[in-house]
Amino acid sequence: PTGEIPIVRAPPSTLWSTISDTMQHQGLEGFYGGVQTSMMGQALIKATAFSVNTAALHADYNLATAAATAGFVTAFLAVPVDRIKVLMQSNDKLYESEADCIQSVLKAEGVSGLLTRGLVPTLFREVPAYTLYFYLYGSLMASSTLGTEALGSLAPLVSGALAGAACVVPVHPVDVVKTIVQHSSTDWQDVVSDIYQGRGFEGFWEGLAPRMSRAAVNHSVTFAVYDLLMHSL
6 PTGEIPIVRA PPSTLWSTIS DTMQHQGLEG FYGGVQTSMM GQALIKATAF
56 SVNTAALHAD YNLATAAATA GFVTAFLAVP VDRIKVLMQS NDKLYESEAD
106 CIQSVLKAEG VSGLLTRGLV PTLFREVPAY TLYFYLYGSL MASSTLGTEA
156 LGSLAPLVSG ALAGAACVVP VHPVDVVKTI VQHSSTDWQD VVSDIYQGRG
206 FEGFWEGLAP RMSRAAVNHS VTFAVYDLLM HSL
């Protein structure tokens, strides 16, 4: 399969070898590629997800349906945010800034390259992930061992970490495909075939451990801050 940016089969690597390689070739800067896009984008995505989920619950949707609706809506916001973040993280030397990256994508691929590149795998990631995310968090918070009655103010931190880490596991293969699609401008069917031919099923699970660790910290803080704000309003 070919696209604007060819798929590069990287040799198998461990977390520590990746860290060492990044430090050696890019320095500390390499760990922060696309950080501005990620920070601004995630703020918008999380605000939308929590707002849609809360509104759906108030409209008498059940917990799973409300969460799935939130995932569906946020997918359309996640696509452009993830596209720019992926390109900045993998090709940051090619772009002077996030704005320059956006302009380059629009010039080369048009609006669809920014707003719909990777939409299908993103929907297959966001909907089940957010369904599990909010459903599991709500169940944990209501439990007698990890809920508010048992852990008090620590409950959102613990339940958020567990829900965040758990929700990425079943959708990780989809996220791997989505990332390559948005990096290479290649159809997702070709990416799936390329990964399987090159690495087998193992290729779809690369990077799961660091992603679970990131998700645990991210969503632990997210739910803790959300809970704090809701109680202060």
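Just so we're aligned: the sequence shown equals residues 6 to 238 in my numbering.
Backbone N, C-alpha and C fix where the C-beta goes; we use that ideal spot for every residue, glycine too.
In the displayed model, P85 falls within a helix according to three-state DSSP. Cβ contact annotation for Y231 (same chain, cutoff 8 Å, sequence separation greater than five): F55 and P161, in chain order. Taking C-beta separations shorter than 6 Å and ignoring five residues to either side along the sequence, the partners of Y138 in its chain run A168 and C172, following chain order. Shortest Cα-Cα distance from L128 to any of G157, T79 and R88 involves T79.
Rounded to whole angstroms, the gap between the alpha carbons of A64 and Q187 is 35 Å. Inter-segment contact for the segment 190–197 and the segment 150–158 is absent: fewer than three beta-carbon pairs are separated by less than 8 Å.
With contacts defined by Cβ atoms closer than 8 Å, V176 and R130 form a contacting pair. Taking each of F228, T227, P178 and L151 in turn and checking the Cα distance to G212, the smallest one comes out for P178. At the C-beta level, A71 and L62 come within 8 Å of one another.
With at least 16 other beta carbons inside 10 angstroms of its own, E103 counts as buried.
Non-local beta-carbon contacts of M146 in its own chain, meaning distances under 7 Å to residues more than five positions away in sequence, involve G152, T153, A160 and S164 in chain order.
Using a 10 angstroms sphere on the CB of S25, the tally of other CB atoms stays under 16, which defines it as exposed. Pairing I89 with V226, the inter-Cα distance amounts to about 24 Å. For A170, the enclosing alpha helix (DSSP H) covers residues A160 to V173.
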